[in-house]
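Novice: Just so you know, the sequences run in chain order E and S. In terms of this note's numbering, the first sequence opens at residue 79 and continues consecutively. In terms of this note's numbering, the second sequence opens at residue 12 and continues consecutively. Using N, Cα and C, we set each Cβ at its ideal position, and we do this for glycine too. As the structure is a prediction and not an experimental result, all values here were calculated from the model.
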Amino acid sequence: MTILEFSLLVWGSSLIAGLVGALTGLGGGVVLVPLLSLFFKVDIRYAIGASLVSVIATSSGAAAAYVKEGFSNIRIGMFLEIATTLGALLGAHLTTRVSTHAIAIVFGTVLLFSAYFSRKPRTHAERNVPPDRLGTRLHLNGWFPDVDGPRSYNVQNVPTGWGLMFGAGALSGLLGIGSGAMKVLAMDQAMKIPFKVSTTTSNFMIGVTAAASAGVYLSRGYIDPALAMPVMLGVLAGSMLGARILVKLHTKWLRLGFSLVIVILAIEMLYNGFSGRI
Amino acid sequence: MQGERSWTDQRIENVLGNLLRGGVLLSALVVLIGATIYLIRHGHSPVDYRAFHGEPEDLRTIRGIARDAFQLRGQGIIQLGLLLLIATPVARVAFSIFGFAEERDGMYVVFTLIVFSVLLYSLLGTG
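Structure, rendered in C-alpha cells:
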C-alpha cells in the first residue's frame, strides 16, 4: 500500500468513526485505536498518539458550541481538571513503561465497560439534592437553561468525584482516549450534577485532559504526523457532520449497532493482548 | 450571590467558545497544508507502521518542529498544526486565569494556575 492510499483509507475510516461517535454520543476515539491497530496493523503506540490528537480536536470543536449555550459549568470543569490533568500525566508516563500487551488488555476491558454503560438507561428524573458543604465552599453549585427557565443545582460528594476524575485522566493518558463516559459517571452519578451539565462539562474537560498527556506523547515520539494527519482530519470532519445531522436521525439502532461493534473490538483487543500479538 | 452567573461569566464563556473554535480550525488548516505537501512528495512511497521506532528528534521537540515547518517540510508543517491543536486547550486555560482574576475569584485563579502548570510541565518539562 502506498502512503496516499493508506492516508485516504485511514481518513475515510476516521470520518466514519467520528460521525458515528458524534451521532451516538459515545465519541469516536474509543474505536480508533482498535481500528488502527487491528485492521491497519499500526503499532498501538502510534495509534494511541494519533487518537489522542483527534480527541483534542473533537472535544474543543464541540465544547465551543456548548460553552456558548451555557450548559457547561466552567468552575466544576476547572476544579476537576486538576484531577484529570494530574491523572493524565501519570497515565502517559505509564504508557511509555508498560508492555503493549498490557495496554491492549486494559483497552479491551475499558471498551467492554463503555459498551455496558452506553446501554444503561439514563435517569433524567429531577433531583433536588441539598447543598453540600465542600461543594458550596468551592463555588461548584450553579444553574443551567432548562425548557422552563433557568434551573439551579447543587453538587455533592466532591472527594469521590475528584478521585474518579483522577482515574478518568489516567485512563485517558494511558490509552489515548477522551474517557468521556467515566467523566460523566463521576459527575452525574457520584456528584449528582444534572446529566446535561455533566455531559457538556465533560466534553469541555476532555481537551484539557488530553493536552496534558499530549506533551508527554510528543516528546516520546508517539505522535507520528503522517498517521495523525488523516486521523485528525477525518474524525474532525466526521464529528462536525454528525453534529449537523444529529437532530434528524433516530439514534436508537445506531447506538445498539455501535455498542456491538465496541464489544467485538473489545474481544479482539483482549485476545490480541493475551496472545501477545499486540 | 453564590451560584449565580454574572455578566462577565457569560462574556468569558463567549470568548472561550471562539478561542476553542478558532484554534481547532486554524490547526486543521495548517495540518491540511502540510498534508498536501507531504502527500505530493511522498504519496507513492510504501507505508509501514507495524514496528515502533519513535519519531526522529526533530519531530519531538517544539524547536525541531518549528525548524522543520520553516523549511516547508510536509511532516514538520503537519506537526506544527498538531502543536497548535494541543496549544488550544492550553490557551483556554491561560485565558481563564485572567477571567477568574477579573472576577476577583482568588481560589479559582489558584486552581487554574495549577492546571496551567501541569500542562506547561507536560509540554515543556519533558521535552
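Please report how far the alpha carbon of T47 of chain S lies from the alpha carbon of I94 of chain E, in whole angstroms.
Specialist: Cα to Cα, the separation comes out at about 22 Å.
Novice: Would you mind reading off the limits of the beta strand (DSSP E) that contains Y231 of chain E?
Specialist: Where Y231 of chain E is concerned, the enclosing beta strand (DSSP E) stretches over 227 to 231.
Novice: Contact criterion: CB-CB distance below 9 Å. Does E24 of chain S meet it with respect to chain E?
Specialist: Judged by the 9 Å Cβ criterion, E24 of chain S is in contact with chain E.
Novice: If I follow the unbroken alpha helix (DSSP H) through G239 of chain E, where does it start and stop?
Specialist: Unbroken alpha helix (DSSP H) run through G239 of chain E: 236 to 253.
Novice: Can you tell me which of the three DSSP states D69 of chain S falls into?
Specialist: The answer is helix: DSSP assigns D69 of chain S an H, G or I state.
Novice: Below 8 Å on C-beta distance, what does L356 of chain E contact in chain S?
Specialist: Here residue 356 of chain E turns out to be Ile, not Leu, going by the sequence shown. Correct list: empty, because the minimum Cβ distance to chain S is about 11 Å.
Novice: Contact criterion: CB-CB distance below 9 Å. Does Q82 of chain S meet it with respect to chain E?
Specialist: No, because no Cβ of chain E sits closer than 9 Å to the Cβ of Q82 of chain S.
Novice: Is S133 of chain S close to chain E, meaning its C-beta is less than 9 Å from at least one C-beta of that chain?
Specialist: Yes, S133 of chain S lies at the interface with chain E (some Cβ there is under 9 Å from its Cβ).
Novice: Using a Cβ cut-off of 7 Å, pull out every chain S residue sitting near K261 of chain E, in sequence order please.
Specialist: Result: empty, since nearest Cβ-Cβ is about 15 Å, beyond 7 Å.
Novice: Would you tell me roughly how many angstroms separate the C-alpha atoms of L311 of chain E and I81 of chain E, rounded to the nearest one?
Specialist: Their backbone Cα atoms lie some 16 Å apart in a straight line.
Novice: Verify the CB distance criterion: does G254 of chain E have a CB-CB separation below 9 Å to chain S?
Specialist: By this cut-off, G254 of chain E is not an interface position.
Novice: Is H179 of chain E close to chain S, meaning its C-beta is less than 9 Å from at least one C-beta of that chain?
Specialist: False, the Cβ-Cβ gap to chain S never drops below 9 Å.
Novice: Cβ atoms of L130 of chain E and S297 of chain E: under 9 Å apart, would you say?
Specialist: No; because the gap between Cβ atoms is not below 9 Å, this pair is not in contact.
Novice: Quick one: any contact between the segment 243 to 253 of chain E and the segment 163 to 173 of chain E, if contact means 3 or more CB pairs under 8 Å?
Specialist: Yes: the two stretches touch, three or more of their Cβ pairs being nearer than 8 Å.
Novice: Going by beta carbon distance, what residues of the same chain come within less than 7 Å of T278 of chain E, once the five residues before and after it are set aside?
Specialist: The answer, listed in chain order, is Y144, F149, S150.
Novice: List the whole-angstrom C-beta distance separating G106 of chain E from G96 of chain E, where the pair is believed to meet the contact cut-off of C-beta under 8 Å.
Specialist: With a Cβ gap of about 4 Å, G106 of chain E and G96 of chain E count as contacting.
Novice: So E159 of chain E and M269 of chain E are supposed to be a Cβ contact under 8 Å. How far apart are they, rounded?
Specialist: Rounded, the Cβ-Cβ distance is 14 Å, inconsistent with contact.
Novice: Please classify T162 of chain E: does DSSP put it in a helix, a strand, or coil?
Specialist: Correct three-state label for T162 of chain E: helix.
Novice: Quick check: P228 of chain E and G85 of chain S, are their CB atoms within less than 9 Å of each other?
Specialist: Going by C-beta atoms, P228 of chain E is not nearer than 9 Å to G85 of chain S.
Novice: For chain S, find out if any of its Cβ atoms is closer than 9 Å to the Cβ of D226 of chain E; answer yes or no.
Specialist: Chain S, which has no Cβ nearer than 9 Å to the Cβ of D226 of chain E, makes this no.
Novice: Determine the burial state of E83 of chain E: buried for a count of at least 16 other Cβ atoms within 10 Å of its Cβ, exposed for fewer.
Specialist: Burial call: exposed.
Novice: So, under 8 Å CB-CB, A62 of chain S and D226 of chain E are touching, yes? Tell me the CB distance rounded to an integer number of Å.
Specialist: The pair is not a contact, with the Cβ atoms about 59 Å apart (cut-off 8 Å).
Novice: Give every residue of the same chain whose Cβ lies closer than 6 Å to the Cβ of A140 of chain E, excluding the five residues on either side of it in the sequence, and list them in chain order.
Specialist: Excluding residues within five positions, the ones whose Cβ falls inside 6 Å are N281.
Novice: Could you check what DSSP says for D224 of chain E in three-state terms: helix, strand or coil?
Specialist: In the structure shown, D224 of chain E sits in a strand (DSSP, three-state: E or B).
Novice: For D79 of chain S, count neighbouring C-beta atoms within 10 Å of its own C-beta (all shown protein chains included) and say buried if the count is 16 or more, exposed if not.
Specialist: Buried: at least 16 other Cβ atoms inside 10 Å.
Novice: Among E:L263, E:S196, E:S177, which residue has its Cα nearest to the Cα of G103 of chain E?
Specialist: Checked all of E:L263, E:S196, E:S177; the closest Cα to G103 of chain E is E:S196.
Novice: What residues from the segment 41 to 72 of chain S come within 9 Å of chain E, judged by C-beta to C-beta, listed N to C?
Specialist: So the close ones are V42, L43, G45, A46, Y49, L50, H53, G54, H55, S56, P57, V58, Y60, R61, A62, F63, H64, G65, E66, P67, E68, L70, R71, T72.
Novice: The alpha helix (DSSP H) that contains Y119 of chain S, what's its start and end?
Specialist: Y119 of chain S -> alpha helix (DSSP H) spans 117 to 131.
Novice: Would I181 of chain E be called buried (16 or more neighbouring beta carbons within 10 Å of its own) or exposed?
Specialist: Classification for I181 of chain E: buried.
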